[in-house]
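K.L.:
In the working numbering, the protein residues as written are 186 to 553.
Quick one: the structure is below, and I'll ask about it shortly.
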């Protein structure tokens, strides 16, 4: 789960680690100890801790996506790596870096310059004895502007925290940055942390407080089923590390005021089922790459996905069921065919086609 450590001046404007909001050099040890209890509990429960270190409203002397210069009193060192920012990073790493699964995110919709980002990234990388991943988040339309200058050996960045404006764009965007990092010679951990528009993001379950696919204004949006298909499995089948769900502001139990996490209960089940599928079936996902072209989807749209380790295993995701052909022209040997239901989980099942032969285009049959 992701959380802000410092959001003074931001949307919530209610979180800072200091003894006072404006005092950036004196830290509230009691508050930090209490936060540490929460993080230790999360680690004990097997949760991944996503530290978002700052908000777009307080990361530098720039206001908004258009980069308008402004005096932002809440920012640390004007965005530079000065005393305030160094102390901030040292405190967080020293106090919480022992947790097993976490990443340091430079900030939400980060607007620091590339040199400022590189300086902060390098400082964290040098200081963290556990070498946790370091990522950065940006506005949906600024991915190229922010990420391209940090690829390969241009920085110590180890991944990206993606955001878009529509869940339908999730799959191809994951593939884009997985491939860009590989081509630059340094693989990145690519996660989708905010899929969907600012207004909507992750919707409630159908039926929750009367939810029928429409937001509070009556606009027809989507359901948890499209989120499962396009965000969750769209990310995983693109080679992404995983997803986090932002709740938007036009649904019941939304972004800043959510008190009932059961509002997305079925979506948590779908995430658990996906994790269990990869774990229990010993899928070597770290050795696999997206291969949509093998199922006739070279454009990486949301019709069907393929994730593969060539000549060994081929995962196919069919959002609406049915069948597909799989191009095994470059593969040798025989491959067993089994089907898995991503809505209910369970053991993979056999159907009418039990196996297929490599060296040709094959049909995988239909699900049981």
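A virtual CB, placed ideally from N, CA and C, is assigned to each residue, including glycine.
These figures come from a predicted structure and were not determined experimentally.
I'd like the span of the alpha helix (DSSP H) that includes residue 455, first residue to last.
P.N.:
First-last of the alpha helix (DSSP H) with residue 455: 450-465.
K.L.:
Counting only the same chain and skipping the five closest in sequence on each side, list residues whose C-beta sits under 6 Å from that of residue 216.
P.N.:
Hits under 6 Å: none found.
K.L.:
According to the Cβ coordinates, are residue 187 and residue 251 closer than 7 Å?
P.N.:
Going by C-beta atoms, residue 187 is not nearer than 7 Å to residue 251.
K.L.:
Is it buried or exposed for residue 531, if we count other Cβ within 10 angstroms and need 16 for buried?
P.N.:
When all chains shown are included, residue 531 counts as exposed.
K.L.:
Would you check if the distance between the CB atom of residue 423 and the CB atom of residue 360 is smaller than 7 Å?
P.N.:
Cβ distance < 7 Å, so residue 423 and residue 360 count as in contact.
K.L.:
Measure the alpha-carbon distance for residue 389 versus residue 414 and round it to whole angstroms.
P.N.:
Approximately 15 Å between the Cα atoms of the pair.
K.L.:
Residue 375 and residue 347 look like a contact to me (Cβ under 8 Å); what is the Cβ gap, rounded to whole Å?
P.N.:
Contact flag correct, Cβ pair sits at about 7 Å.
K.L.:
Mind checking whether residue 233 and residue 282 have CB atoms under 7 Å apart?
P.N.:
Their beta carbons are not under 7 Å apart, which means residue 233 does not touch residue 282 by this criterion.
K.L.:
Since residue 308 and residue 274 are thought to touch, with beta carbons under 8 Å apart, how far apart are those beta carbons, to the nearest angstrom?
P.N.:
6 Å between Cβ atoms; contact.
K.L.:
When you compare the CB positions of residue 301 and residue 267, do they come within less than 7 Å of one another, or not?
P.N.:
Their beta carbons are not under 7 Å apart, which means residue 301 does not touch residue 267 by this criterion.
K.L.:
Who are the Cβ neighbours of residue 416 in its own chain at under 7 Å, not counting the five residues just before and after it?
P.N.:
Answer for residue 416: 352, 355, 377, 380, 428, listed in chain order.
K.L.:
Counting along the chain, where does the beta strand (DSSP E) carrying residue 498 start and finish?
P.N.:
It spans 498-502 - the beta strand (DSSP E) in which residue 498 sits, taken as one unbroken run.
K.L.:
In the region 294-363, which residue ranges form an unbroken alpha helix (DSSP H) of at least 4 residues, counting only runs that do not cross its ends?
P.N.:
Here the runs fully enclosed are 299-312, 328-332.
K.L.:
Going by Cα to Cα distance, which pick from 459, 392, 512, 507 is closest to residue 551?
P.N.:
Residue 551 has its Cα closest to that of 507, out of 459, 392, 512, 507.
K.L.:
If you reduce the DSSP assignment to three classes, tell me which class residue 216 lands in.
P.N.:
Residue 216 falls in the helix class under three-state DSSP.
K.L.:
Do the region 458-475 and the region 521-528 make contact, defined as three or more Cβ pairs closer than 8 Å?
P.N.:
These segments touch.
K.L.:
Alpha carbon to alpha carbon, how far is residue 440 from residue 434?
P.N.:
Straight-line Cα distance between these residues: approximately 6 Å.
K.L.:
Let's see if you can read the secondary structure: which residues bound the beta strand (DSSP E) around residue 289?
P.N.:
That run of the beta strand (DSSP E) goes 287-290.
K.L.:
So what does DSSP say about residue 491, is it helix, strand or coil?
P.N.:
Residue 491 falls in the strand class under three-state DSSP.
K.L.:
Does the distance from the C-beta atom of residue 510 to that of residue 474 stay below 7 Å?
P.N.:
Against a cut-off of 7 Å, the Cβ pair of residue 474 and residue 510 comes out as no contact.
K.L.:
CB-CB under 6 Å to residue 341, same chain, minus the five flanking residues each way: which ones, in chain order?
P.N.:
Excluding sequence neighbours, residue 341 sits near 306, 307, 310.
K.L.:
Our contact map puts residue 369 next to residue 336 with C-beta atoms below 8 Å; I'd like the distance itself, whole angstroms only.
P.N.:
With 8 Å as the limit, residue 369 and residue 336 qualify as a contact, their Cβ atoms being about 4 Å apart.
K.L.:
Can you grab the Cα-Cα spacing for the pair residue 444 / residue 371, in whole Å?
P.N.:
Each residue's alpha carbon lies about 40 Å from the other.
K.L.:
Ends of the alpha helix (DSSP H) at residue 538?
P.N.:
Unbroken run through residue 538: none, as it is neither H nor E.
K.L.:
When the Cα of residue 253 is compared with those of 297, 503, 410, which residue comes out closest?
P.N.:
Ranking 297, 503, 410 by Cα distance to residue 253 puts 297 first.
K.L.:
Is it buried or exposed, residue 231, if we count other Cβ atoms within 10 angstroms and call 16 or more buried?
P.N.:
Answer is exposed; the Cβ neighbour count stays below 16.
K.L.:
Going by C-alpha to C-alpha distance, which of 410, 386, 425, 396 sits closest to residue 366?
P.N.:
If we check each option's Cα against that of residue 366, 425 comes out closest.
K.L.:
Which residues in the same chain as residue 451 place their Cβ atom closer than 6 Å to its Cβ, once the five residues preceding and following it in sequence are excluded?
P.N.:
The answer, listed in chain order, is 390, 409.
K.L.:
Of all the options 398, 421, 457, 255, which has the alpha carbon lying nearest to the alpha carbon of residue 487?
P.N.:
Taking only the C-alpha atoms, the option nearest residue 487 is 421.
K.L.:
When DSSP labels each residue in this structure, what does residue 412 get in the three-state scheme?
P.N.:
Of the three classes helix, strand and coil, the one that applies to residue 412 here is helix, per DSSP.
K.L.:
Measuring CB to CB, does residue 323 end up less than 7 Å from residue 284?
P.N.:
Taking 7 Å as the Cβ cut-off, residue 323 and residue 284 do not qualify as a contacting pair.
K.L.:
Whole angstroms is fine: what's the gap from residue 518's alpha carbon to residue 260's?
P.N.:
Their Cα atoms are separated by approximately 59 Å.
K.L.:
Is the CB-CB distance between residue 362 and residue 319 below 7 Å?
P.N.:
It is not a contact, given that the beta carbons lie outside the stated cut-off.
K.L.:
With a 10 Å radius around its C-beta and 16 neighbouring C-beta atoms as the bar for buried, classify residue 548 as buried or exposed.
P.N.:
Counting Cβ neighbours within 10 Å, residue 548 comes out exposed, since fewer than 16 surround it.
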